[in-house]
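To keep things clear, I will list the structure first and then write my remarks on it.
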Amino acid sequence: MPRRLQRADFSRSTDAVARRLLGCTLCHRVGDDVIRGRIVEVEAYTDDPASHAADGRRTQRNSVMFGTAGVAYVYFTYGMHHCFNVVTEKEGIPGAVLIRGIESLPHAAGPALVCRAMQLTRRDNGRDLATDPNLWIEAGRRRPRERMIQTTRIGIGKGTDLLRRYYLFGSPGVSRRDRRAESAPVELPDQ
DNA sequence: CACACGATGCGCT
DNA sequence: GCGCATCGTGTGG
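Mapping of the first sequence onto this note's numbering: residues 1 to 191, in sequence order.
If you want it as structure tokens, here you go:
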């Protein structure tokens, strides 16, 4: 039986957690069903220009980013979409990993599609993935020979030079591929 | 209180 | 590749 990720798994640097989450399974219990998605694409947002916590400002929306690692940060955007993040870093330091793609049934390529498929909304904001009975992440790994690609984040105007997006090569759950990065033979550690 | 815009997705060109 | 839907949130007046 897979291990549930706990506080210590989340209370690390955002990029380390991002990489670690690739291959893990996001689980959401809805009624009698558990919706599962294997995480295949993520982005790291810390104290950088594209983060909701850029310049360290704490607002009502980004508040949980400053709190306990492992807590869900779900926000509403474009008047119609939700995006799901996992809070990282030590208490007081803002950070979160955006889940951008899952594979399983069905695949969901894109952060808003992930929330739609997993039935996650702002009502889930603030839930603790380490303790919540209905929302958790199960440990998982890359498959043998399944490459991790590192590239730039998507849909942002600032911090576009930072290589903080990670995805699993070949997964149908990846939103946008970067052929350039895929052809560069860079071997990355899991964390 | 008004307003500009977004960590997107979809449909059309 | 491009424009638009649609509204919560943050910022500034």
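Think of the CB as a built atom: it goes at the ideal place given N, C-alpha and C, for glycine as much as any other residue.
**Request:** Go through the region 17-72 residue by residue and report every complete run of the beta strand (DSSP E) that reaches 3 residues or more, in order.
**Result:** 25-30, 33-45
**Prompt:** Distance, Cα to Cα, residue 113 vs residue 1?
**Reply:** The count along the first sequence starts at 1 and reaches residue 113 at position 113. The count along the first sequence starts at 1 and reaches residue 1 at position 1. Looking at the two C-alpha atoms, the distance is approximately 28 Å.
**Message:** Is it buried or exposed, residue 80, if we count other Cβ atoms within 10 angstroms and call 16 or more buried?
**Reply:** Translated into the one-based positions of the first sequence, residue 80 becomes position 80. By the neighbour-count rule (16 or more Cβ atoms within 10 Å), residue 80 is not buried but exposed.
**Message:** Using 8 Å as the threshold, is the C-beta distance between residue 54 and residue 18 below it?
**Reply:** The sequence position of residue 54 within the first sequence is 54, counting from 1. The sequence position of residue 18 within the first sequence is 18, counting from 1. No.
**Request:** Could you tell me the distance, in whole angstroms, from the CA atom of residue 142 to the CA atom of residue 105?
**Result:** Residue 142 sits at position 142 when you count from the first residue of the first sequence. Residue 105 sits at position 105 when you count from the first residue of the first sequence. Roughly 18 Å between the two C-alpha positions.
**Message:** So, with DSSP's three-state summary, where would you put residue 182?
**Reply:** Translated into the one-based positions of the first sequence, residue 182 becomes position 182. Correct three-state label for residue 182: helix.
**Asked** Can you give the beta carbon distance from residue 25 to residue 138, rounded, assuming they're within the 8 Å contact cut?
**Response** In the first sequence, the residue the question calls residue 25 occupies position 25. In the first sequence, the residue the question calls residue 138 occupies position 138. 4 Å between Cβ atoms; contact.
**Request:** Compare the C-alpha of residue 27 against each of 64, 12, 179, 124 and name the closest.
**Result:** The residue you call residue 27 lines up with position 27 of the first sequence. Of the listed residues, the one whose Cα sits closest to residue 27 is 124.
**Request:** Run through the region 96-120 for me and flag every whole beta strand (DSSP E) of 3 or more residues, listed as ranges in chain order.
**Result:** 96-104
**Asked** So, helix, strand or coil for residue 128, using DSSP?
**Response** If you number the first sequence from 1, residue 128 lands on position 128. Strand at residue 128.
**Item:** Presumed contact (8 Å Cβ cut-off) between residue 166 and residue 87, rounded CB distance
**Value:** On the first sequence, position 166 is the one that residue 166 refers to. On the first sequence, position 87 is the one that residue 87 refers to. Actually they are not in contact, since the Cβ atoms of residue 166 and residue 87 sit about 17 Å apart, beyond 8 Å.
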